[in-house]
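In the working numbering, the protein residues as written are 648 to 937.
The beta-carbon is built from N, C-alpha and C at its ideal position, and this holds for glycine as well.
A quick note: this is a predicted structure, and the numbers were derived from the prediction, not measured.
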């Protein structure tokens, strides 16, 4: 994802040096408009987590103060995590995630085959829910052992899966690509092992710089602060059109492209709404046939 760069001096030969993108925390510090939109998004998220309206507003004001007072990104993360623990936000967020996970499975199950690879499976909870709600047999795979279930779990090197070509009916990539350092490698490997659909869920942004930065910061906040995770946040978020173009460039046909719409807002208004926390989009791909 291209973020607003810092000012970079010209080199001795008059050539522009490589632009260094701002981190999500730097965006919060330096872009007042993005910061305000992020805070609105967080207030919506806290309300969805059943934090009372008064407490949600109070939380946002306190987070704004921490942004202004924190001496570093690490200080901001530490203080904000402590604040959210005090308000017992984490349990509510987990309930929201559980509801969203069930909704995602209800949406994607029509596109799943008998043998499904959940690539980037994380905790393994999604794989578990799929097997509970469908007739699919699911293999979970990730680059490390994040498994929180009793299900079998495949650990691979992030490049090549220990699975045969076309060995899976469907590969599922749910909220994985924007956390991948090399998402093209992930997509190519998914294409190799799938004999059918590659089903993808990704957060997307409106096609403008303001929402691009808001989405990046919200995603970073959810990963680092709410989930207390050290997962990669390389800034690979894209708009719907950018993802579709990238998929076609990598040899896929886009069979389905539609809004997951997890928010409480009516579906017809979901994508345009400025207070949607994350706009989740569903893509169903198949390898392009020559």
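Would you mind listing the beta strand (DSSP E) stretches within the region 779–831 that are 3+ residues and don't spill past its ends, in chain order?
784–789, 800–802 and 815–821
Residues in the same chain with beta-carbon distance under 8 Å from residue 743, minus the five sequence neighbours each way, listed in chain order, please.
692, 695 and 696
Taking the alpha carbon of residue 893 as the point to measure from, which residue in 824, 814 and 754 has its own alpha carbon closest?
824
Excluding the 5 residues preceding and the 5 following residue 919 in the sequence, name in chain order all residues of the same chain whose CB lies nearer than 7 Å to its CB.
At residue 919, the pLDDT of 39 sits below 50, so the modelled position is not reliable; the number obtained from the coordinates is stated separately. Correct list: empty, nothing qualifies.
When DSSP builds the beta bridges, which residues end up paired with residue 905?
929
DSSP state of residue 692, grouped into three classes?
helix
Closest by C-alpha distance to residue 766, when choosing among 795, 785 and 760
785
Nearest-angstrom Cα separation, counted from residue 792 out to residue 714:
33 Å
Compute the beta-carbon to beta-carbon distance between residue 838 and residue 899, rounded to the nearest angstrom, for a pair I have assumed lies under 8 Å.
7 Å
Nearest-angstrom Cα separation, counted from residue 671 out to residue 931
30 Å
Given 8 Å as the limit, is there contact between the region 883–897 and the region 703–710, that is, 3 or more CB pairs closer than that?
no
As assigned by DSSP and simplified to three states, the class of residue 773:
helix
Three or more C-beta pairs under 8 Å: does that hold for the region 726–735 against the region 766–783?
no
Any idea what DSSP makes of residue 765, helix, strand or coil?
strand
Is residue 669 buried or exposed, if buried means 16 or more other CB atoms sit within 10 Å of its CB?
buried
Residues in the same chain with beta-carbon distance under 8 Å from residue 685, minus the five sequence neighbours each way, listed in chain order, please.
675, 861, 864, 865 and 868
Let me know the secondary structure DSSP gives residue 851 once reduced to three states.
strand
Three-state secondary structure (DSSP) of residue 934
strand
With DSSP as the reference, please indicate the residues paired to residue 844 in a beta bridge.
817
Give me, in chain order, the residues of the same chain whose beta-carbon lies closer than 7 Å to that of residue 805; leave out the 5 immediate sequence neighbours on both sides.
790
Quick one: give me the first and last residue of the alpha helix (DSSP H) that residue 897 is part of.
No alpha helix (DSSP H) contains residue 897, which DSSP labels as neither H nor E.
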